[in-house]
Amino acid sequence: MSLKSVNQLEKNAVELEILIPKNEFDEAVTRAFKKNAGKISIPGFRRGKAPRNFVEKYYGKGVFDDEAINDILPAMYEAALAESKVEAVSAPEFEAVSNDENGVLIKAKLYRKPDVEVKDYLGLTAEKEVEKVTAAMVDAEIDRMRERNARTIDVTDRAAAKDDTVTIDYEGSVDGVPFEGGKADGADLKLGSGQFIPGFEDQIIGKSIGDEFDVNVTFPTEYHAEELAGKAAVFKVKLHAIKCSELPAADDEFAKDVSEFDTLAEYKSDIKAKMTERNAQAADKAVEAQLIDGIIANMTVDIPAAMIETECNALIREYEGNLRMQGLDLNTFFKYTGMDLAKMREQFAPDAERRVKVRLALEKIVELEKIEVSEEDIEAEFDKIAKAYDMKIESVKASIPAEGIKSDLAVEKAINLIKEKAVITEKKAAKKTTKKTAEKAEKAEGEAAEKPEKKKTTRKKAADKAEEKPAE
Numbered sequence: 413m414s415l416k417s418v419n420q421l422e423k424n425a426v427e428l429e430i431l432i433p434k435n436e437f438d439e440a441v442t443r444a445f446k447k448n449a450g451k452i453s454i455p456g457f458r459r460g461k462a463p464r465n466f467v468e469k470y471y472g473k474g475v476f477d478d479e480a481i482n483d484i485l486p487a488m489y490e491a492a493l494a495e496s497k498v499e500a501v502s503a504p505e506f507e508a509v510s511n512d513e514n515g516v517l518i519k520a521k522l523y524r525k526p527d528v529e530v531k532d533y534l535g536l537t538a539e540k541e542v543e544k545v546t547a548a549m550v551d552a553e554i555d556r557m558r559e560r561n562a563r564t565i566d567v568t569d570r571a572a573a574k575d576d577t578v579t580i581d582y583e584g585s586v587d588g589v590p591f592e593g594g595k596a597d598g599a600d601l602k603l604g605s606g607q608f609i610p611g612f613e614d615q616i617i618g619k620s621i622g623d624e625f626d627v628n629v630t631f632p633t634e635y636h637a638e639e640l641a642g643k644a645a646v647f648k649v650k651l652h653a654i655k656c657s658e659l660p661a662a663d664d665e666f667a668k669d670v671s672e673f674d675t676l677a678e679y680k681s682d683i684k685a686k687m688t689e690r691n692a693q694a695a696d697k698a699v700e701a702q703l704i705d706g707i708i709a710n711m712t713v714d715i716p717a718a719m720i721e722t723e724c725n726a727l728i729r730e731y732e733g734n735l736r737m738q739g740l741d742l743n744t745f746f747k748y749t750g751m752d753l754a755k756m757r758e759q760f761a762p763d764a765e766r767r768v769k770v771r772l773a774l775e776k777i778v779e780l781e782k783i784e785v786s787e788e789d790i791e792a793e794f795d796k797i798a799k800a801y802d803m804k805i806e807s808v809k810a811s812i813p814a815e816g817i818k819s820d821l822a823v824e825k826a827i828n829l830i831k832e833k834a835v836i837t838e839k840k841a842a843k844k845t846t847k848k849t850a851e852k853a854e855k856a857e858g859e860a861a862e863k864p865e866k867k868k869t870t871r872k873k874a875a876d877k878a879e880e881k882p883a884e
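Everything in the sequence shown is counted per the numbering used here, starting at 413 for the first residue and increasing by one.
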């Protein structure tokens, strides 16, 4: 076998000694020579025609060794890992130790999955608080739909006002010198959106089409472009157009346009039902989070930094994917926020560590409770994914390893077990307004008394679902 020894290093670090037998190594060297022969030039021979012994004499005996090792080592490493029963949580660092008549000896340093101790994870306590959906909250949702379906109208008979969208040319300067990124033609700006530097939008309010004027502002001291931070600037502005939004009336016709219902009352009833369901789901997630907190508080584990780094990379990829959906990329995001990759890693590190802890704790509970996942469970999950993404089940199976599905389902069963055994008490949702104000809000149709709930990103893994926390 390829594995010679397993050496425990500091904490969760492990060193595997892997021997590539000489005959297998020689075969790999031969393959490397044949692969590269056509590209090799040696004086006295046509390109690709020099015998191997001449090539090795000219370039050195070990000229093909590295490529041969890279060709054969991955399979050898996987075999050694399986034989050692070490569960790796990091990529290995390889070091060639010797190359003799026995073969090539390689040392692979890696980090293994840490030992985990969890206790008192059954019978945990949690409070469940379900927020009641009020008429004002439903009206606020109706208003959001009205805004989404608003009609844009050109304004020609009045000056610009808050909430108007204006089209402007502008050019900024500091001490009379224009600066990079300070000029644009035909830019659209919604007044009151806070999109521009504080004070900029306010100075456009009251101006009319065709007006040319100066806007005087001071860049924030924490501005992302350090050379402009805290400095006074003057923008030359010309106002070309003013547009405003006209909201549709909240009536039966509106309900027909934006929904499957014939009346506004039916539409409101549906909105209330969906909001009630969302609130119930949010309450369930909050209960899960409390139970997870209890498990983490009672766990003992020494997590390798490599695991947290890997999870941090996953969080960054998730965030980058969200940015791409908005038409942005990381570099653009960094440019406009003053952040960089190191700062982002620092910001995500606590969440990454928590996610790792949650996964390790739940996997340990799976082991302790001897939770099993059947082939029928796995097949049902593949079918569920295929239907959710409108894919053929064969395509899903080709893209998602069955072992990953099995692991996620086991963790999900562990979460369900913890919830079943927990002591959960119902808590009355705290009122956000006085009774008088609430009653008034109930009657005032169209008035928004609540902010919309922030949409959360559904995570793929069951352990992550228990920790659903959007990146800020």
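Idealized CB from N, CA, C, for every residue including glycine.
Checklist entry - Which residues does DSSP pair with Tyr523 in a beta bridge? => result Ala425
Next on the checklist: Using C-beta distances below 7 Å, list every residue in its chain close to Ile684, excluding the 5 sequence neighbours before and after it, in chain order.
Outcome noted: Before going on, a small fix: residue 684 reads as Lys here, not Ile. Excluding residues within five positions, the ones whose Cβ falls inside 7 Å are Val545, Val550.
Checklist entry - Among Lys525, Phe476, Val475, which one has its Cα closest to the Cα of Val498? => result Lys525
Next on the checklist: Measuring alpha carbon to alpha carbon, tell me which residue in Ser620, Asn743, Cys656 is nearest Asn561.
Outcome noted: Cys656
Checklist entry - In chain order, what residues of the same chain lie with their CB nearer than 6 Å to the CB of Ala491, ignoring the 5 residues before and after it? => result Ser414
Next on the checklist: Give me the DSSP bridge partner(s) of Cys656.
Outcome noted: Ile565
Checklist entry - Do you know offhand how far Ala596's Cα is from Leu742's? => result 23 Å
Checklist entry - Going by C-alpha distance, which of Asp576, Ile565, Asp714 is nearest Pro660? => result Ile565
Checklist entry - Is Val578 closer than 9 Å to Ile609 when the C-beta atoms are compared? => result no
Item to check | Contact under 9 Å by Cβ, Arg401 with Ala662 | outcome: Any property of residue 401 remains undetermined from this structure, which presents the chain solely from 413 to 884.
Checklist entry - For Met488, which residues from the same chain have a beta carbon less than 8 Å from its beta carbon, with the 5 sequence-adjacent residues on both sides left out? => result Ser414, Ile430, Ile432, Ile518
Item to check | Sequence-distant residues of the same chain with beta carbon closer than 8 Å to Val475, five excluded per side | outcome: Val467, Glu468
Next on the checklist: For Lys863 and Leu421, I'd like the C-alpha separation in whole angstroms.
Outcome noted: Confidence in Lys863 is poor, its pLDDT being 35 and thus under 50, which makes the residue's placement too unreliable to answer from.
Next on the checklist: Looking at Phe760: is its Cβ nearer than 9 Å to the Cβ of Leu735?
Outcome noted: no
Item to check | Three-state secondary structure (DSSP) of Ala850 | outcome: Confidence in Ala850 is poor, its pLDDT being 40 and thus under 50, which makes the residue's placement too unreliable to answer from.
Checklist entry - Beta carbon of Lys540, beta carbon of Asp696: below 9 Å? => result yes
Next on the checklist: According to DSSP, simplified to helix, strand and coil, what is Phe760?
Outcome noted: helix
Next on the checklist: Quick check on the DSSP output: the beta strand (DSSP E) that includes Tyr582 runs from which residue to which?
Outcome noted: 577 to 586
Next on the checklist: Classify Tyr731: buried if its beta carbon has 16 or more other beta carbons within 10 angstroms, exposed otherwise.
Outcome noted: buried
Next on the checklist: If distances are taken between C-alpha atoms only, which option among Pro455, Val501, Leu774, Lys447 comes closest to Ala717?
Outcome noted: Val501
Item to check | Close Cβ partners of Ala440 (< 6 Å) along its chain, the five nearest in sequence each way excluded | outcome: Ala480, Asp483, Ile484
Checklist entry - Do Val808 and Ile797 have their C-beta atoms closer together than 9 Å? => result yes
Checklist entry - Using DSSP with H/G/I as helix, E/B as strand and the rest coil, what is Met711? => result strand
Next on the checklist: Pop quiz: Pro632 and Ala641 are said to be a contact at Cβ under 8 Å. What is the actual Cβ separation, rounded to whole angstroms?
Outcome noted: 7 Å
Checklist entry - Enumerated in chain order, which unbroken segments of the alpha helix (DSSP H) with a length of 4 residues or greater are wholly contained in the segment 744 to 819? => result 753 to 780, 787 to 800, 805 to 811
Checklist entry - What are the partner residues of Asp626, as DSSP defines its beta bridges? => result Lys648
Checklist entry - So what does DSSP say about Pro504, is it helix, strand or coil? => result coil
Item to check | Secondary structure of Val475, DSSP reduced to three states | outcome: coil
Checklist entry - With burial defined as no fewer than 16 other Cβ atoms inside 10 Å of the residue's Cβ, what is the status of Glu634: buried or exposed? => result exposed
Item to check | Integer-rounded CB distance, given that Ile790 should sit under 8 Å from Leu821 | outcome: 7 Å
Checklist entry - With 16 other CB atoms within 10 Å as the buried threshold, where does Lys848 fall? => result Residue placement at Lys848 cannot be trusted, given a pLDDT of 40 that sits under 50; what the coordinates show is reported in the next sentence. Flag for Lys848 reads exposed.
Checklist entry - Taking just the CA atoms, how far does Val770 sit from Asp576? => result 48 Å
Next on the checklist: For Asn419, count the other beta carbons within 10 Å of its own beta carbon; 16 or more makes it buried, fewer makes it exposed. Which is it?
Outcome noted: exposed
Checklist entry - In three-state terms, what does DSSP make of Lys416? => result strand
Item to check | Opening and closing residue of the beta strand (DSSP E) in which Asp600 lies | outcome: 589 to 602
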